[in-house]
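A.B. asks:
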Amino acid sequence: MQNVQLSWNLYKTELETTVEKHCKNCGHTAIFTDTHIRRHNANGKNIYRFAIYKCEKGHTWNKKLHIYKTYSEHVETVDTFQEEHQESLNNISIMSYKNTGTIELTILLESVHGFFRIDKALATYISEWSRTVITEKIKQGSIHLNGQQIKPNAKLTVGDCISIYM
Ligand SMILES: [Zn+2]
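Residue numbers (the numbering used here): 44 to 209.
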């Protein structure tokens, strides 16, 4: 019998990204999804970094991410595929806890930057459990938030405590 406590810091990443905005080509509001393709446009002394988004019809929109200075005269345009950085300090293997006899896993949220639903956050950071599995466990009551049964779409805030019962 073992109770393990972890601390997580949640940051909004570039991964989970859909944006609702007007599409010039569609002529109405559309949902743009991040293609995870990043583009660097160098323009004189600045490098602009864009994320390429697409609407349902495939029209592109370049979302400006960063501007940084270049000290070289060399000007080029580079398209890059961004690796999906799922690796993070928060990532855990639930099976390895289970295998070492953990019966309750408690996750304290030390900081929360952005909007996070409990089901999505857990699906992102727990390697072996899909969002479907997590939704099921929340409904069954084997995942609690602050000692209470919650809905899968419950919002996470700083100081929250997630309990997972194996
Ligand atoms: Zn469009």
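Virtual Cβ for every residue (Gly too), placed ideally from N, Cα, C.
#1: Could you please give the first and the last residue of the uninterrupted beta strand (DSSP E) stretch that includes Val176?
#2: With a cut-off of 6 Å, give the chain-ordered residues whose Cβ is closer than this to any heavy atom of ligand 1.
#3: With respect to the beta strand (DSSP E) encompassing Leu23, which residues constitute its N-terminal and C-terminal limits?
#4: Where do the N-terminal and C-terminal ends of the beta strand (DSSP E) with Lys97 fall, by residue?
#5: According to DSSP, is Ala164 helix, strand or coil?
#6: Count the other CB atoms, across all protein chains shown, that sit within 10 Å of the CB of Leu151; report buried if there are 16 or more and exposed otherwise.
#7: Taking the beta carbon of Asn143 as the centre, do at least 16 other beta carbons fall within 10 Å, making it buried, or is it exposed?
#8: Helix, strand or coil for Ile137, going by three-state DSSP, please let me know.
#9: So what does Glu63 bridge to, in DSSP terms?
#10: Please state whether DSSP places Asn142 in a helix, a strand or coil.
#11: Quick test of your reading: Tyr96 and Thr72, contact by CB under 8 Å. State the CB separation rounded to the nearest angstrom.
#12: Checking the sheet assignment: what are the DSSP bridge partners for Thr103?
C.D. replies: Let me lay it out:
#1: Counting along the chain, Val176 falls outside any beta strand (DSSP E), though it belongs to the alpha helix (DSSP H) covering Arg174 to Gln183.
#2: Cys66, Asn68, Cys69, Ala73, Cys98, Lys100 and His102
#3: Residue 23 is absent from the model: the chain starts at 44 and stops at 209.
#4: Where Lys97 is concerned, the enclosing beta strand (DSSP E) stretches over Asn89 to Lys97.
#5: helix
#6: exposed
#7: According to the sequence as given, residue 143 is Thr; it is not Asn. That one is exposed.
#8: helix
#9: Ile74
#10: helix
#11: That pair is no contact at about 14 Å.
#12: Lys97
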